[in-house]
Amino acid sequence: MRWSQAMNANALRAYFGVKGEETGCLAYRARMHRLFAKLEPSLTVTEQNLADRVRYILRSNIFDVAELERLRREAVPSSDENATAEDSAPQIVEQPANGCRCEYPSCG
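Residue 154 in the numbering used here sits at position 73 of the sequence shown; the count goes up by one each step and never skips.
Structure (C-alpha cells):
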C-alpha cells in the first residue's frame, strides 16, 4: 500500500492526539490505532504498521517543522487559543522514572 500525504497527516494526527503532552509510553498504540481507524475508515492497518509508519514519518522529514507543529496543534488544542510562539516552543522533558526507551521523539 502506498501512503498518501493525507494518510500520513492522519497518522500523525492520531499519534499527536493520543500522545498529547504525555511523556510515558504505556498503552498508547491501541488508542492511536482506534483514532486512526476513525480518521481513515477505509484503511486496514495493524497497530505495528501504524506505529512503524509514524516513526518513519517523524524520522524522514516528510513534513517540515511548521507542518508538524500545525498537525500537533490540530490534534492537541491548547487551552489558551491565544498562546504565543514562546508557549509552543519545545520543552525539555526529563526521562520518566520507569526508564522508558521508546524510539518516539515525544516519549521520554
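Using N, Cα and C, we set each Cβ at its ideal position, and we do this for glycine too.
The three-state secondary structure of D133, taken from DSSP, is helix.
By the beta-carbon neighbour count (other beta carbons within 10 angstroms, threshold 16), N91 is buried. Around the beta carbon of K119, a 10 Å sphere encloses fewer than 16 other beta carbons of the protein chains shown; the residue is thus reported as exposed. R94 sits in a helix when the DSSP states are folded into three classes. Here I143 carries a coil assignment [DSSP, helix/strand/coil].
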